[in-house]
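Here's the structure, in structure tokens; my notes come after.
There are 2 protein chains.
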Amino acid sequence: MPMARDNNNFISLERAKKPFFIGVDLGGTNIKAGIVDDLGRPLAWLSVPTDVPKGPEDASARMGKAVLQVAEKAGVDISNIARVGLGSPGTMDIPAGKLLKPANLKGWDYFPLRDRVSQHCGLPVTFANDANAAAYGEFWVGSGRDFHSMVLFTLGTGIGSGIIIGELCLDGEHSHGGECGHIIINFSPDARLCGCGQRGHLEAYTSATAVVKRTREALDAGRSSSLTADLNRGGELTPKLVAEHAENGDPLSLDIIMETARYLGVGITNVMHTLDPNGILLGGAMTFGGNETQLGRDFLAEIKAEVKRRAYAILAEKTVIDFATLGGDAGYIGAAGLARLEFLKK
Amino acid sequence: MPMARDNNNFISLERAKKPFFIGVDLGGTNIKAGIVDDLGRPLAWLSVPTDVPKGPEDASARMGKAVLQVAEKAGVDISNIARVGLGSPGTMDIPAGKLLKPANLKGWDYFPLRDRVSQHCGLPVTFANDANAAAYGEFWVGSGRDFHSMVLFTLGTGIGSGIIIGELCLDGEHSHGGECGHIIINFSPDARLCGCGQRGHLEAYTSATAVVKRTREALDAGRSSSLTADLNRGGELTPKLVAEHAENGDPLSLDIIMETARYLGVGITNVMHTLDPNGILLGGAMTFGGNETQLGRDFLAEIKAEVKRRAYAILAEKTVIDFATLGGDAGYIGAAGLARLEFLKK
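Protein sequences, first through last, are from chains V and X. Take the first sequence: its position 119, counted from the start at 1, is 178 in our numbering, and no numbers get skipped. Take the second sequence: its position 92, counted from the start at 1, is 151 in our numbering, and no numbers get skipped.
Laid out in structure tokens, this is it:
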């Protein structure tokens, strides 16, 4: 199961179009900073550890430094950088430029991230939700570039999502726009528990955590599977392992993955009936290799089949459902793109 | 149970601000045409029968005539009408100005409604979905006038909804934006059947039809209720009857209405987690009298309690959930408002 890909096909400085924008994608493990030109083409990127326990002031200094370093790496003078975009995990207050209580950045509560990073790099910073930034990246230069509106689902440990309508990145009025992983698809009181503590959410059925849990339950219920031998040898039950066994023909593993696809089809139908976008894109590690593997293609086909069963016929026919293409670059490219949007407005 | 109210508090021609806009709200039974000033204040309205079986050409002629008549009624010269807005039930193709297969306008399939009405009144026409037009009316001059973004649910035979974000009326890319009555809240294969033919939709649990069906099932299951005597005397089981019995203290009737509120709370939570708007407004006959009755207030309180149980705490705290205020005028006022938006863009 290939992970999100990093792009190393850079445009040369000579061919790039000014001005330049730098995007920073802040994750729980790594910080990725990349520089793109006015058409969203990357010139360089670099990655540094987030080191959450060292705290947000220390990390802000490293993010500021990474911004300056990636400009230098690309050979771009800092005076040609129009603006920086910073995509961060939530919860957050986007207009205030502050974190609220980010689940994956323990101890960083209420930190004024936007302004601290700005001070450390000496450039104006646009603050964004990481999932929304990734969605904007796909919209700007990825597989959403022909869309007027789209939703990106990032399938991983959790289910992230971002909504773009025209040039509008849907932050929402309280910085909670596009939390489509947390729409309720099963209102029952005994519905599955989500990582957020609520029940019946799309994420509770389709995240990596959910796939492991559902597989474990099926094994505990006595379903036979080639997984059992691996686990008895001390192997860890992960979506990657389930995917490998599915690819090797294990019926249970394949059932689990196709069931995941059908749950996603329900969530995608809800988003289509609410927003009616041009396209729905799927990114993240839980796309099982995407278009590059048979399993990935079968997974997508099953999602589409469920949408066809569930959605208005005209929407099922006309709405594009496909894999995202920017992989691990979507976050920094999109953050840079949102910085560009703000730059153009000023 | 009061029905949607009509406003007869008109602004005088002397106090009105030019230019004027006329909105037409096309329903399955009646056509309502009203004239408003540049601030959305009504000067006059009138209503004529839709007479669906006479066909769309005949109705287009009557809509064109109604536009001219309502201007005359208000004493406004036609040269001061900037544009007409037409809100129609779907399905439709908004950019093309055409109906597709509207369920409530049998025999009108694929009719070019916008251009035919325009020809009959001699004025440019903006075409809109009726639920979106009503949402825009509440956003412009109703209980949503302080919001930047909002969703209106119209609770009736079906569950209509419209989404407004800034000045954007979310038509969607295939004229199916804001069909929030058709989001799946129960993915189970034995979930309730919706009027649209699919299962598990919000509408399948909360529409007038669903309330009747759920009440009937409870009675058939042997629950005692003061409804039984009424029905034995030949009374018809309607949401109005259920509401009357709830107001008179019948526990079953009250349970049904409060359960409806909790289902709505699930759907509203989904919309909040997707769009994060400033407010959610509830209109239509199935608001049980709204703020004017104890039952209406209890209904709203139960919706809010379910949202508080289900939604992110910050959203449950900050998102306004309230009744709409324009009643039966929202449609024509909003259609006129959307015409004004298009007029201002040109």
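Glycine included, each C-beta is placed from N, C-alpha and C at the ideal position. These numbers were taken from a predicted model, which means no experiment stands behind them.
For S177 (chain X), tell me which candidate among X:F198, X:A118, X:R204 and X:L229 has the shortest Cα-Cα distance. Answer by Cα proximity: X:A118.
Give, in chain order, every unbroken run of the alpha helix (DSSP H) that is at least 4 residues long and sits entirely within the region 136-174 of chain X. Within the region 136-174 of chain X, no complete alpha helix (DSSP H) run reaches 4 residues.
Given P148 (chain V), which residues of its chain have a CB within under 6 Å of its CB, disregarding the five upstream and five downstream residues? Result list for P148 (chain V): P161, N163 and D189, in chain order.
For T88 (chain V), which residues from the same chain have a beta carbon less than 8 Å from its beta carbon, with the 5 sequence-adjacent residues on both sides left out? If we look at T88 (chain V) and ignore the five residues flanking it on each side, its Cβ neighbours are P108 and T109.
With three or more C-beta pairs closer than 8 Å as the rule, is the region 296-305 of chain V touching the region 245-260 of chain V? Contact fails: fewer than three Cβ-Cβ distances are below 8 Å.
Return the chain-ordered list of same chain residues with a C-beta closer than 6 Å to the C-beta of M60 (chain V), the five sequence neighbours on each side being excluded. Its pLDDT being 37, under 50, M60 (chain V) is placed unreliably in this model, and the value from its coordinates should be taken loosely. If we look at M60 (chain V) and ignore the five residues flanking it on each side, its Cβ neighbours are K299, A302, F347 and G348.
At least one CB of chain V closer than 8 Å to the CB of V330 (chain X): is that the case? Chain V, which has a Cβ nearer than 8 Å to the Cβ of V330 (chain X), makes this yes.
For my contact list, L286 (chain V) and G326 (chain V) are in at a C-beta cut-off of 8 Å; report their separation, rounded to the angstrom. 26 Å between Cβ atoms; not a contact.
Look at the alpha carbon of P336 (chain X) and the alpha carbon of D249 (chain X), and state the distance between them as a whole number of angstroms. The alpha-carbon of P336 (chain X) is positioned some 32 Å away from that of D249 (chain X).
Chain V within 8 Å of E232 (chain X), Cβ atoms only: Closer than 8 Å: yes.
Using DSSP's beta-bridge definition, name the partner residues of F212 (chain X). DSSP lists X:S220 and X:L341 as partners of F212 (chain X).
Given a limit of 7 Å on CB to CB distance, which residues of the region 345-376 of chain X reach chain V? So the close ones are R369, Y371, I373 and L374.
Beta-ladder partner(s) of L85 (chain X), from DSSP: For L85 (chain X), which the question treats as bridged, DSSP gives the partners X:I90.
Mapping the DSSP letters down to three states, classify G258 (chain X) as helix, strand or coil. The question names Gly, yet the displayed sequence has Arg at residue 258 (chain X). R258 (chain X): strand per DSSP, three-state reduction.
Proximity test, Cβ basis, 8 Å: G236 (chain V) and chain X: Yes, its Cβ sits closer than 8 Å to a Cβ of chain X.
Over the uninterrupted beta strand (DSSP E) stretch that includes F186 (chain V), give me the two end residues. Where F186 (chain V) is concerned, the enclosing beta strand (DSSP E) stretches over V184 to N188.
Counting pairs of beta carbons, one from the region 68-81 of chain X and one from the region 121-133 of chain V, are three or more of them closer than 8 Å? Touching, no, given that fewer than three Cβ pairs across the two stretches are closer than 8 Å.
Contacting residues, own chain, Cβ-Cβ under 8 Å from G215 (chain X) (five flanking each side not counted): For G215 (chain X), same chain residues with a beta-carbon under 8 Å away, outside a window of 5 residues either side, are S266, A267, G343, A344 and M345 in chain order.
Any C-beta of chain V sitting closer than 8 Å to the C-beta of F79 (chain X)? Taking Cβ atoms only, chain V never reaches closer than 8 Å to F79 (chain X), which makes this a no.
Does the CB of D335 (chain V) have a neighbour CB from chain X at under 8 Å? True, the Cβ-Cβ gap to chain X drops below 8 Å.
Counting only Cβ pairs nearer than 7 Å, list the residues of chain X close to S208 (chain V). In chain order: E232.
On the DSSP bridge assignment, give the partners of W104 (chain V) in chain order. W104 (chain V) is bridged to V:G93.
For F186 (chain X), the nearest candidate out of X:G156, X:S202 and X:A193 (CA to CA): Closest option to F186 (chain X), Cα to Cα, is X:G156.
Give the straight-line distance between the Cα atoms of T213 (chain V) and F198 (chain V), rounded to the nearest whole angstrom. The straight-line gap separating the alpha-carbon atoms of T213 (chain V) and F198 (chain V) is approximately 14 Å.
Between the alpha carbons of Y371 (chain V) and I243 (chain X), how many angstroms are there, rounded? So the alpha carbons of these two residues sit roughly 12 Å apart.
If you draw a straight line from the C-alpha of L403 (chain V) to the C-alpha of G201 (chain V), how long is it? Whole-angstrom Cα-Cα distance: 21 Å.
To which residues of the same chain is I153 (chain X) closer than 8 Å at the C-beta, ignoring the five residues directly before and after it? Non-local beta-carbon contacts of I153 (chain X) in its own chain, meaning distances under 8 Å to residues more than five positions away in sequence, involve F186, A187, N188, D230 and S234 in chain order.
Strictly below 7 Å CB to CB, what residues from chain X border F198 (chain V)? Those do not exist, as F198 (chain V) stays about 13 Å from chain X at its closest Cβ, beyond 7 Å.
Taking 8 Å as the CB-CB cut-off, is F186 (chain X) touching chain V? It does not: the Cβ of F186 (chain X) has no partner Cβ on chain V nearer than 8 Å.
Would you list the one or two residues that DSSP bridges to I243 (chain V)? The partner list for I243 (chain V) (beta bridge, DSSP) reads V:H260.
Using a threshold of 7 Å, is the CB atom of S284 (chain X) nearer than that to any non-hydrogen atom of the ligand MN? Within the structure as shown, the ligand MN is missing, as the structure has no ligands at all.
I380 (chain V), DSSP secondary structure in three states: Secondary structure at I380 (chain V): strand, using DSSP grouped into helix, strand and coil.
For H207 (chain X), I'd like the list of residues in its chain whose CB is within less than 7 Å of its CB, leaving aside the five on either flank, ordered along the chain. Correct list, in chain order: G225 and N337.
Check whether chain V comes within 8 Å of V325 (chain X), counting only Cβ atoms and requiring the distance to be less than that. Output row for V325 (chain X): interface = yes.
Output the boundary residues of the alpha helix (DSSP H) element that contains T287 (chain V). Taken as a continuous stretch (DSSP letters only), the alpha helix (DSSP H) holding T287 (chain V) covers L286 to N291.
Could you tell me if R292 (chain X) is buried or exposed, where buried requires 16 or more neighbouring beta carbons within 10 angstroms of its beta carbon? Around the CB of R292 (chain X), fewer than 16 other CB atoms lie within 10 Å, so the residue is classed as exposed.
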